Structures are given as structure tokens and as C-alpha cells.
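Chains X and Y supply the protein sequences, listed in that same order.
The numbering of the first sequence is our numbering, which starts it at 4 and goes up by one.
The numbering of the second sequence is our numbering, which starts it at 388 and goes up by one.
For each residue, glycine too, the CB sits at the ideal point set by N, CA and C.
Because the structure is a prediction, the values reported are computed rather than measured.
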Amino acid sequence: TQLLEQSPQFLSIQEGENLTVYCNSSSVFSSLQWYRQEPGEGPVLLVTVVTGGEVKKLKRLTFQFGDARKDSSLHITAAQPGDTGLYLCAALKSGSARQLTFGSGTQLTVLP
Amino acid sequence: DTAVSQTPKYLVTQMGNDKSIKCEQNLGHDTMYWYKQDSKKFLKIMFSYNNKELIINETVPNRFSPKSPDKAHLNLHINSLELGDSAVYFCASSQGKGKAFFGQGTRLTVV
Numbered sequence: 004t005q006l007l008e009q010s011p012q013f014l015s016i017q018e019g020e021n022l023t024v025y026c027n028s029s030s031v032f033s034s035l036q037w038y039r040q041e042p043g044e045g046p047v048l049l050v051t052v053v054t055g056g057e058v059k060k061l062k063r064l065t066f067q068f069g070d071a072r073k074d075s076s077l078h079i080t081a082a083q084p085g086d087t088g089l090y091l092c093a094a095l096k097s098g099s100a101r102q103l104t105f106g107s108g109t110q111l112t113v114l115p
Numbered sequence: 388d389t390a391v392s393q394t395p396k397y398l399v400t401q402m403g404n405d406k407s408i409k410c411e412q413n414l415g416h417d418t419m420y421w422y423k424q425d426s427k428k429f430l431k432i433m434f435s436y437n438n439k440e441l442i443i444n445e446t447v448p449n450r451f452s453p454k455s456p457d458k459a460h461l462n463l464h465i466n467s468l469e470l471g472d473s474a475v476y477f478c479a480s481s482q483g484k485g486k487a488f489f490g491q492g493t494r495l496t497v498v
């Protein structure tokens with residue numbers, strides 16, 4: 004059983020469309036991070052959210068942390084081919100020193 | 388300069404062999420990690436080291452042993468390699484609970 008479940012697992016869309024990726028858990032987290040991984044590279048941190056209900060924007064990407072700090076979403080507006088990649092959520096469990104647990108991942112493909 | 392570098396990038400070896408993957412970070416971070424990414428892209432933590440002390444050791448086989456000669460290095464040694472060890476191994480570092488920086492990964496193939 005995955006601690007962090009992401010959905011959808013795969014997503015293929017046309018350039019210009021909007022999309023939302025979800026990261027869900029039954030556990031409460033002190034913070035949650037979103038990473039993007041491109042082929043042949045390691046994951047790169049996009050954002051960290053720490054407060055329940057927090058919304059952060061990074062250009063066309065909008066990240067939201069659930070009020071109960073158990074879930075998060077990533078919304079991309081007007082997707083571009085450069086957004087293609089594996090999106091991973093990761094979280095530090097409340098009370099944990101440094102145990103960063105990753106979600107199951109969403110593979111996004113944006114077609115030109 | 389590369390923040391977190393690991394070598395080699397690709398490693399193909401036969402079952403039963405012993406191999407090592409090296410990792411170095413030049414960020415001055417106090418914590419380093421090893422992750423394993425399987426064929427389904429699931430990324431799972433294996434070890435983390437803080438100030439040369441092992442602070443997390445997930446349920447990995449004892450054939451895997453992390454070795455940290457100093458704060459900037461965390462190498463991964465694997466004994467008696469098995470087919471199921473084939474995966475991409477990532478080294479990472481962070482300062483406390485801060486942002487984690489990942490290396491480019493080492494694709495290990497056991498044949």
C-alpha cells in the first residue's frame with residue numbers, strides 16, 4: 004500500500020489544455036513537496052507547501068495543500084510540451100526527522 | 388559545478404558481482420540519501436546519513452551498505468548482485484528538512 008497515491012498515473016493531453024494532478028493520503032504531513040523528473044535526470048523540486056489550505060503559484064502551475072494537510076493538487080494551465088515529465092509528490096510525515104516519502108507519480112505528456 | 392554528482396551513470400554487471408556507486412555533494416549539506424527508482428518509476432528511500440551517522444535505514448537487504456568517508460560523500464556498496472537489484476539509484480542531499488537536491492541517477496542493470 005502506497006502512503007501517497009497520485010492520480011492519474013498517466014496523462015496525455017494536447018498543448019493548450021488544462022490539467023490537474025492529485026496526491027492523496029490518509030496520513031497528516033508537516034509539509035508536502037512537488038517534484039518534476041525528466042528522462043535521464045533526477046527529480047527537481049518545484050514547490051513546498053507547509054500550511055493547510057495554502058496555495059502557491061509558479062507561472063502556469065498552481066499548487067494547493069489540503070486543509071487537513073493530507074492531500075495536495077497540482078493544476079497546470081495552458082500546458083506546453085516543455086511541461087512533459089514525471090510529477091512526483093513527496094511528504095515528510097509529522098514528527099519524522101527526515102523521512103521523505105514519494106508518491107506513485109504521474110507521467111504527463113503534452114503533445115504539440 | 389554539479390551540486391550532487393554520482394558515478395557511474397550506467398552500470399551493467401553480472402549476477403553475484405560486488406559493485407559500488409559513488410556520490411559527492413558540494414553544497415555543504417548535512418544530510419545525504421540513497422533512493423531506488425524501480426521500473427514503475429516508484430522512488431523509495433533506502434538510506435540517509437546525517438553528519439556521518441545513519442539515521443534512517445529502510446528495509447533493504449544487508450547486501451546494500453552505505454559508506455560515508457566524510458560529510459560530502461555517501462557511497463553505496465552492493466554485494467552479491469541479484470537480478471531484482473536492477474533499477475535507477477539516486478543520491479540526494481539536503482540541509483536538515485530543506486530542499487533535496489538529486490543527482491542524475493545511476494542505471495544499474497544486472498544480467
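State the Cα-Cα distance for the pair residue i and residue j, rounded to the nearest angstrom.
i	j	result
Y:Lys-396	Y:Asn-462	14 angstroms
Y:Leu-495	Y:Lys-427	15 angstroms
X:Leu-35	X:Cys-92	7 angstroms
Y:Ser-452	X:Leu-22	41 angstroms
Y:Phe-489	Y:Ala-474	16 angstroms
Y:Arg-450	Y:Lys-431	17 angstroms
X:Ser-29	Y:Thr-493	33 angstroms
X:Ser-10	Y:Tyr-476	24 angstroms
Y:Leu-470	X:Gly-43	21 angstroms
Y:Thr-389	Y:Asn-404	30 angstroms
Y:Cys-448	Y:Ile-465	Checking the displayed sequence, the identity of residue 448 of chain Y turns out to be Pro instead of Cys. Y:Pro-448 and Y:Ile-465: Cα-Cα distance of roughly 9 angstroms.
X:Gly-55	Y:Val-497	44 angstroms
Y:Gln-491	Y:Lys-423	12 angstroms
X:Gln-12	X:Val-50	20 angstroms
Y:Lys-486	Y:Asn-437	15 angstroms
X:Pro-115	X:Ala-81	12 angstroms
X:Ala-71	X:Leu-14	27 angstroms
Y:Val-399	Y:Asp-472	11 angstroms
X:Glu-57	X:Leu-64	14 angstroms
Among the options, whose alpha-carbon lies nearest the alpha-carbon of residue i?
i	options	result
X:Leu-48	Y:Leu-495, Y:Ser-452 and Y:Ala-479	Y:Ala-479
X:Val-53	X:Tyr-38, X:Glu-41 and X:Ala-94	X:Ala-94
X:Pro-84	X:Gln-9, X:Gly-19 and X:Leu-6	X:Gly-19
Y:Asp-425	X:Gln-17, X:Phe-105, X:Tyr-38 and X:Thr-23	X:Phe-105
X:Gly-88	X:Ile-16, X:Leu-6, X:Leu-7 and X:Glu-8	X:Ile-16
X:Lys-59	X:Trp-37, X:Phe-13, X:Gly-43 and X:Glu-41	X:Trp-37
Y:Ser-467	Y:Phe-429, Y:Leu-398 and Y:Met-402	Y:Met-402
X:Lys-73	X:Cys-26, X:Ile-79, X:Leu-14 and X:Tyr-90	X:Cys-26
Y:Thr-446	Y:Thr-400, Y:Lys-486 and Y:Trp-421	Y:Trp-421
X:Thr-109	X:Asp-86, X:Leu-103 and X:Thr-80	X:Asp-86
X:Gln-107	X:Gln-40, X:Ser-33 and X:Thr-80	In the sequence under discussion, the amino acid at residue 107 of chain X is Ser, which differs from the Gln named in the question. For X:Ser-107, the nearest C-alpha among the options comes from X:Gln-40.
Y:Ser-435	X:Gln-67, X:Leu-103 and X:Arg-63	X:Leu-103
X:Ser-33	X:Ser-76, X:Leu-111 and X:Phe-68	X:Phe-68
Which of the three DSSP states, helix, strand or coil, is assigned to residue i?
i	result
X:Asp-70	coil
X:Pro-84	helix
Y:Gln-491	coil
Y:Lys-458	coil
Y:Ser-480	strand
X:Val-53	coil
Y:Lys-428	coil
Y:Leu-414	coil
Y:Pro-453	strand
Y:Thr-496	strand
X:Asn-21	coil
X:Glu-44	coil
X:Ser-28	coil
Y:Lys-486	coil
Y:Gln-401	coil
Can you name the residues that DSSP bridges to residue i?
i	result
Y:Ser-473	Y:Ser-473 pairs with nothing; no bridge assigned.
Y:Lys-406	Y:Ile-465
X:Ser-93	In the sequence on display, residue 93 of chain X carries Ala and not Ser. In DSSP, X:Ala-93 forms a bridge with X:Gln-36 and X:Phe-105.
Y:Thr-389	Note: Y:Thr-389 sits in no beta bridge, so no partner.
X:Lys-60	X:Thr-65
X:Gln-9	X:Cys-26
Could you name the residues of chain C that residue i contacts, counting a contact when the two beta carbons are closer than 9 angstroms?
i	result
Y:Gln-491	In the displayed structure, chain C is absent; the protein chains listed are X and Y.
The stretch 467 to 483 of chain Y in contact with the stretch 403 to 420 of chain Y per 3-pair CB rule at 8 angstroms: yes
Validate contact between the stretch 457 to 471 of chain Y and the stretch 406 to 415 of chain Y using beta carbons, cut 8 angstroms, 3 pairs: yes
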